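Peer 1:
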Amino acid sequence: MKNNYYAQKLNSTMLFKAYETEIPRVKQYLDAEISFVRDNLTSSERVLELGAGYGRIVKELAGDCKSIVGIDVSVESVELGKEYLKDSHNAKIIDMDVHNLQFEEKFDVVLCLQNGLSAMKIKSTDLIEKILKMVMSGGKIFFSTYSEKFWEYRLMWFEEQADKGLIGELDYDKSKDGVIICKDGFKATTHTQKDLEEIGDLSGYDYKIHEVDESSVFLIIHKN
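For this note's numbering, count along the sequence shown from 1 and bump the result up by 9.
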């Protein structure tokens, strides 16, 4: 996608540094999100992760599924990911835009984690349908966003990233109600429970919403 902040600025080693946080509560959030997905895998699934960056989550889950492939729009992040995943033999990462999915195969599980709904602007019926087509009958999609209870720590994490020079200085006057805005134009939103319910309803399948660790909220769609 053009004008994608994650493709043009917060990518590759910059993105890697963003996840090297020194904030214990943020580390807990990142671990809890992955642990929740891991607990829902049986080691037999073929998994697709949307917006995989350099493969952080792909690598963590490679030992818990049959195979896993991550896609990302940033060529630089994908190149870093190939090195990062070189010892994970059932995992790979490729350059692909979620708005132009090009897989012939289908997957048992599709993941869109770590607030990917915001980063990839997944909100249209058309895009939800394209993602659903990637899922086998009986499979599941896991979307996650931030819990409202995590706002204080999320703000701390973005401050840490700004201090590292990874993103612009935060605009505190405009950052509120789940939306973080930086003075360089970067904007990170979240999805409310109502937003997740609307996406679930758009899917036409059974779904549930589940909060994890008071830090992330999952929408799980079951393509039954």
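Idealized CB from N, CA, C, for every residue including glycine.
All figures in this text were calculated on a predicted structure; none of them were measured in a lab.
1) Using a threshold of 7 Å, state whether the C-beta atoms of His231 and Lys149 are closer than that.
2) So, under 8 Å CB-CB, Ile32 and Trp166 are touching, yes? Tell me the CB distance rounded to an integer number of Å.
3) Give the C-beta separation of Asn49 and Ala71 to the nearest angstrom, bearing in mind that I take them to be a contact with Cβ-Cβ under 8 Å.
4) When we look at the beta-carbon of Arg65 and count the other beta-carbons within 10 Å, is it buried (16 or more) or exposed?
5) One question on the structure: do Phe116 and Arg47 come within less than 7 Å of each other, judged by their Cβ atoms?
6) In this structure, does DSSP put Ala71 in helix, strand or coil?
7) Taking one C-beta from the segment 204-222 and one from the segment 174-183 each time, how about it: are there three or more such pairs within less than 8 Å?
8) Does the segment 163-177 touch the segment 125-134, meaning 3 or more C-beta pairs lie closer than 8 Å?
9) Distance, Cα to Cα, Gln202 vs Ser83?
10) Alpha carbon to alpha carbon, how far is Trp160 from Glu178? Give it in angstroms, no decimals.
11) Considering only the beta carbon of each residue, do Ser86 and Leu122 sit closer than 7 Å?
Peer 2: To lay it out plainly:
1) On the sequence shown, residue 231 is found 222 positions in, with the first residue counted as 1. On the sequence shown, residue 149 is found 140 positions in, with the first residue counted as 1. Going by C-beta atoms, His231 is nearer than 7 Å to Lys149.
2) Position 23 of the sequence shown, counted from the start, is the residue given in the question as residue 32. Position 157 of the sequence shown, counted from the start, is the residue given in the question as residue 166. Confirmed, Cβ separation roughly 6 Å.
3) Position 40 of the sequence shown, counting from 1, holds the residue named residue 49. Position 62 of the sequence shown, counting from 1, holds the residue named residue 71. Contact flag wrong, Cβ pair sits at about 16 Å.
4) Looking up residue 65 in the sequence shown gives position 56. Its Cβ being crowded by 16 or more others within 10 Å, Arg65 is buried.
5) Position 107 of the sequence shown, counted from the first residue, corresponds to residue 116. Position 38 of the sequence shown, counted from the first residue, corresponds to residue 47. Result no, Cβ atoms of Phe116 and Arg47 do not sit closer than 7 Å.
6) Within the sequence shown, numbered from 1, the residue matching residue 71 stands at position 62. Helix at Ala71.
7) no
8) no
9) To locate residue 202, count along the sequence shown from 1; it is residue 193. To locate residue 83, count along the sequence shown from 1; it is residue 74. If I take the Cα positions, the gap works out to 29 Å.
10) One-based indexing of the sequence shown puts residue 178 at position 169. One-based indexing of the sequence shown puts residue 160 at position 151. So the two alpha carbons sit approximately 17 Å from each other.
11) Indexing the sequence shown from 1 puts residue 86 at position 77. Indexing the sequence shown from 1 puts residue 122 at position 113. No, the Cβ-Cβ distance between Ser86 and Leu122 is not below 7 Å.
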